[in-house]
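Visitor:
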Amino acid sequence: MWQSYVNGLLVAAGLIMAIGTQNAFVLAQSLRREHHLPVAALCVICDAILVTAGVFGLATVLAHNPTLLAVARWGGAAFLIWYGSLALRRACSRQSLQQGEGQAARSLRAVLLSALAVTLLNPHVYLDTVLLIGSLGAQQTEPGAYVVGAASASLLWFFTLALGAAWLAPWLARPATWRVLDLLVAAMMFGVAAQLIAAG
Numbered sequence: 549m550w551q552s553y554v555n556g557l558l559v560a561a562g563l564i565m566a567i568g569t570q571n572a573f574v575l576a577q578s579l580r581r582e583h584h585l586p587v588a589a590l591c592v593i594c595d596a597i598l599v600t601a602g603v604f605g606l607a608t609v610l611a612h613n614p615t616l617l618a619v620a621r622w623g624g625a626a627f628l629i630w631y632g633s634l635a636l637r638r639a640c641s642r643q644s645l646q647q648g649e650g651q652a653a654r655s656l657r658a659v660l661l662s663a664l665a666v667t668l669l670n671p672h673v674y675l676d677t678v679l680l681i682g683s684l685g686a687q688q689t690e691p692g693a694y695v696v697g698a699a700s701a702s703l704l705w706f707f708t709l710a711l712g713a714a715w716l717a718p719w720l721a722r723p724a725t726w727r728v729l730d731l732l733v734a735a736m737m738f739g740v741a742a743q744l745i746a747a748g
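In my numbering, the protein residues as written are 549 to 748.
Structure representation (structure tokens):
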């Protein structure tokens, strides 16, 4: 059970720590103290629902098709190696998280609708949560523990951004910080890929 939990935690953490529109949105809202906790909660809930749908929807299909399971295993390993390679490439480049400033305060409804748009209208969220995280989770011995691990990573990350934004902002704005995070992401991705290859 714990191995499945840790796998879910590491895979999800590696995917959500990369600089992206969702992270930028959550951090910007947190810096402005504009409904940042509801935004973080919404992101966690969306991730948990999508991962659950991917894991348990794909689990049923894969359990009855060994060939498809093999394709998912090797395809997942290839994607993780590719994603880890991208993280290594980012670690060698200069980048920082850009913040939106000077915006007027908005209502909770407007902010949550914007958060939903940033989360659900991004095609990468479906590739990451439903397909990648879901297909990997469907192959775990304890898929439920894997889902909890993935949800834990989302919860820890988004609420760390929301609650620690004022302290984290100068730190997160430094390219060196994201280089270290990208190196960790690469290590996580390569580690899980190795497990999948070994299981095959």
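The C-beta atom is built at its ideal place from N, Cα and C for all residues, glycine as well.
Quick one: Cα of S700 to Cα of V659, how far?
Guide: 24 Å
Visitor: Could you compute how far the alpha carbon of D676 sits from the alpha carbon of L628?
Guide: When rounded, the distance between both Cα atoms is 11 Å.
Visitor: Leaving out five residues before and five after H583 in sequence, what residues of the same chain have Cβ atoms less than 6 Å from its Cβ?
Guide: Hits under 6 Å: L656 and V659.
Visitor: Per DSSP, what kind of secondary structure is C594 in: helix, strand or coil?
Guide: helix
Visitor: Using 8 Å as the Cβ pair cut-off and three pairs as the minimum, do the region 681–692 and the region 582–602 touch?
Guide: Short answer: they touch.
Visitor: What whole-angstrom Cβ distance do M736 and G556 have, given they're in contact under 8 Å?
Guide: In fact, because the Cβ distance is near 11 Å, the residues do not count as touching under 8 Å.
Visitor: Going by alpha carbons, who is nearest to C640 out of I745, A710, V728 and G739?
Guide: V728
Visitor: Leaving out five residues before and five after L703 in sequence, what residues of the same chain have Cβ atoms less than 7 Å from its Cβ?
Guide: V592
Visitor: Please state the DSSP three-state secondary structure of H584.
Guide: helix
Visitor: Taking the continuous alpha helix (DSSP H) assigned at S641, which residues delimit it?
Guide: Note, S641: premise wrong, no alpha helix (DSSP H); not H, not E.
Visitor: Just to confirm the assignment, what range does the alpha helix (DSSP H) spanning I564 have?
Guide: W550 to I564
Visitor: Would you report the Cα separation of A588 and T667, rounded to the nearest angstrom?
Guide: Using only the alpha carbons, I get a separation of about 11 Å.
Visitor: Out of Q743, A734 and A620, state which residue places its alpha-carbon closest to the alpha-carbon of R637.
Guide: A734
Visitor: Which of the three DSSP states, helix, strand or coil, is assigned to G648?
Guide: Its pLDDT being 45, under 50, G648 is placed unreliably by the model, and the measurement read from it follows with that caveat. For G648, the three-state secondary structure derived from DSSP is coil.
Visitor: Helix, strand or coil: how does DSSP classify R722 here?
Guide: coil
Visitor: Assign W705 to buried or exposed, taking buried as 16 or more other Cβ atoms, counted over all protein chains shown, within 10 Å of its Cβ.
Guide: buried
Visitor: Given this structure, state the Cα-to-Cα distance separating I564 from G697, to the nearest angstrom.
Guide: 13 Å
Visitor: Going by Cα to Cα distance, which pick from Q743, A747 and L731 is closest to L634?
Guide: L731
Visitor: How would you call P614, buried or exposed, if buried means at least 16 neighbouring beta carbons within 10 angstroms?
Guide: exposed
Visitor: If A713 and S552 are in contact, beta carbons under 8 Å, what's the gap, nearest whole angstrom?
Guide: 32 Å between Cβ atoms; not a contact.
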